[in-house]
Amino acid sequence: MARGGPAAGGPAAVQYELDARPNDGAFPLGRSGAVTFYDLRGESTLVKLDLAASLNRRPEPGPPEVSFSASISRNGTSEGGREFLLSPIDPRTTALESARLISEPLETFLELDRHVRVWESIADSTVISEGDIGANATGITSESGLDLVPEPRSLTFDLSATPNAGDLAPEGIAGSVRFRELTGRKTLVTVVLAPETASGRTGADVSHPAHLHVNSVSEGGEIAFALSPISGDDAAARSSTVIREPFRVLADFDGHVDVHQSNANRRFVLARGNIGANEPDSEDQEEGRAR
Numbered sequence: 004m005a006r007g008g009p010a011a012g013g014p015a016a017v018q019y020e021l022d023a024r025p026n027d028g029a030f031p032l033g034r035s036g037a038v039t040f041y042d043l044r045g046e047s048t049l050v051k052l053d054l055a056a057s058l059n060r061r062p063e064p065g066p067p068e069v070s071f072s073a074s075i076s077r078n079g080t081s082e083g084g085r086e087f088l089l090s091p092i093d094p095r096t097t098a099l100e101s102a103r104l105i106s107e108p109l110e111t112f113l114e115l116d117r118h119v120r121v122w123e124s125i126a127d128s129t130v131i132s133e134g135d136i137g138a139n140a141t142g143i144t145s146e147s148g149l150d151l152v153p154e155p156r157s158l159t160f161d162l163s164a165t166p167n168a169g170d171l172a173p174e175g176i177a178g179s180v181r182f183r184e185l186t187g188r189k190t191l192v193t194v195v196l197a198p199e200t201a202s203g204r205t206g207a208d209v210s211h212p213a214h215l216h217v218n219s220v221s222e223g224g225e226i227a228f229a230l231s232p233i234s235g236d237d238a239a240a241r242s243s244t245v246i247r248e249p250f251r252v253l254a255d256f257d258g259h260v261d262v263h264q265s266n267a268n269r270r271f272v273l274a275r276g277n278i279g280a281n282e283p284d285s286e287d288q289e290e291g292r293a294r
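Sequential numbering from 4 applies to the sequence shown in our numbering.
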């Protein structure tokens, strides 16, 4: 990447630095990192958070009730309210990353008077990381961005509501998980709760961690990939993660997805469903399999 403004014809990606903010919370030194906006052929933008970008090793995880929440907020870092929610980050996972697909062209974010802010959790207003974007900052632009495949494929699998003994949604919450091909080596995995309703917000002051496990639901198995948790305050009740595996690997994966009540109460599962080799007939047919 080269520093500077948009290249002729507009960049394919732009990255902004996020500065660590010292605080009195569970992460007193804050977390530095980066936010990158990727152009997805002009129709939408993939916003990727990475709080491990400047780390040589993963930091020690915080307490289980902590799950970083984030948003794009109005004006500079000294003022403004939330405008676009971003997918939370689970600090207890190996990769401190998340992604969010927003139905706005990249040019929108290059011109906005906005900033990105990361909080310790939904219930805690402690800021651990923030940085200006758009009109408030000079980003690192790239003409290449993601090497998108010309005709991306996608797969969607249902997640069944799972009755549990927890104090949140004891009947469980139905949902879905979708694999969308990005590049030859990267896949966007999006988990949604209650996709058939206008609002899937659980109202909880925690985020609901999600994982892709090996084996089928009936067999159970260890975590293969940690997915971004779903914020209890998110009306869309969705989160995304860029997995560094080809689409076909995940399409054929012998596994299942679990969405838990919280990190502190992982034993309570809200939604669960088989994927890949365990559900071979779920390939999307609409829009040339590129939803």
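Note that beta-carbon positions come from the ideal geometry of N, C-alpha and C, so glycine has one too. All values derive from a computational prediction rather than experimental measurement.
Measure the CB-CB distance between residue i and residue j and report whether it falls below 8 Å.
{"i": "residue 102", "j": "residue 50", "result": "yes"}
{"i": "residue 149", "j": "residue 185", "result": "yes"}
{"i": "residue 257", "j": "residue 88", "result": "no"}
{"i": "residue 274", "j": "residue 178", "result": "yes"}
{"i": "residue 93", "j": "residue 128", "result": "no"}
{"i": "residue 26", "j": "residue 160", "result": "no"}
{"i": "residue 194", "j": "residue 180", "result": "yes"}
{"i": "residue 18", "j": "residue 142", "result": "yes"}
{"i": "residue 100", "j": "residue 190", "result": "no"}
{"i": "residue 175", "j": "residue 211", "result": "no"}
{"i": "residue 105", "j": "residue 117", "result": "no"}
{"i": "residue 261", "j": "residue 214", "result": "yes"}
{"i": "residue 44", "j": "residue 151", "result": "yes"}
{"i": "residue 266", "j": "residue 169", "result": "no"}
{"i": "residue 219", "j": "residue 182", "result": "no"}
{"i": "residue 197", "j": "residue 240", "result": "yes"}
{"i": "residue 173", "j": "residue 166", "result": "yes"}
{"i": "residue 109", "j": "residue 53", "result": "no"}
{"i": "residue 75", "j": "residue 121", "result": "no"}
Round the Cβ separation of residue i and residue j to the nearest angstrom and send it over; I've been treating them as touching at under 8 Å.
{"i": "residue 72", "j": "residue 124", "result": "6 Å"}
{"i": "residue 21", "j": "residue 132", "result": "5 Å"}
{"i": "residue 16", "j": "residue 35", "result": "That pair is no contact at about 20 Å."}
{"i": "residue 86", "j": "residue 47", "result": "Contact doesn't hold; Cβ gap of about 16 Å is too wide."}
{"i": "residue 206", "j": "residue 216", "result": "Rounded, the Cβ-Cβ distance is 27 Å, inconsistent with contact."}
{"i": "residue 271", "j": "residue 263", "result": "6 Å"}
With DSSP run on the structure shown, which of helix, strand or coil describes residue i?
{"i": "residue 30", "result": "coil"}
{"i": "residue 104", "result": "strand"}
{"i": "residue 111", "result": "helix"}
{"i": "residue 94", "result": "coil"}
{"i": "residue 19", "result": "strand"}
{"i": "residue 152", "result": "coil"}
{"i": "residue 70", "result": "coil"}
{"i": "residue 179", "result": "strand"}
{"i": "residue 8", "result": "Annotation note: pLDDT 35 at residue 8 (below 50); position unreliable, no value reported."}
{"i": "residue 86", "result": "strand"}
{"i": "residue 208", "result": "coil"}
{"i": "residue 279", "result": "strand"}
{"i": "residue 37", "result": "strand"}
{"i": "residue 59", "result": "Residue confidence is low: residue 59 scores 49 on pLDDT, short of 50, so the model does not pin down where it sits. Its coordinate-derived value is still stated next. Residue 59: coil per DSSP, three-state reduction."}
{"i": "residue 125", "result": "coil"}
{"i": "residue 169", "result": "coil"}
{"i": "residue 137", "result": "strand"}
{"i": "residue 47", "result": "strand"}
{"i": "residue 290", "result": "With a pLDDT of only 39 at residue 290, under 50, the local geometry of the prediction cannot be trusted, and no value is derived from it."}
{"i": "residue 117", "result": "strand"}
{"i": "residue 174", "result": "coil"}
{"i": "residue 52", "result": "strand"}
{"i": "residue 185", "result": "coil"}
{"i": "residue 145", "result": "strand"}
{"i": "residue 197", "result": "coil"}
{"i": "residue 77", "result": "strand"}
Quick check: is the beta carbon of residue i nearer than 8 Å to any beta carbon in chain C?
{"i": "residue 237", "result": "Of the protein chains in this structure there is only one, and it is not chain C."}
Answer yes or no: the CB of residue i versus the heavy atoms of the ligand NAD, is any distance below 7 Å?
{"i": "residue 100", "result": "In the structure on display, the ligand NAD does not appear, and there are no ligands present to speak of."}
Practice prompt. With a floor of 3 residues, list each beta strand (DSSP E) that falls wholly inside the segment 216-276, ordered by position along the chain.
Written response: Entirely contained in the segment 216-276, the beta strand (DSSP E) runs reaching 3 residues are, in chain order, 226-234, 241-246 and 257-263.
Discussion item. Check whether the segment 243-257 and the segment 218-232 are in contact - that is, three or more C-beta pairs closer than 8 Å.
Written reply: Between the segment 243-257 and the segment 218-232 there are three or more C-beta pairs closer than 8 Å, enough to call the two in contact.
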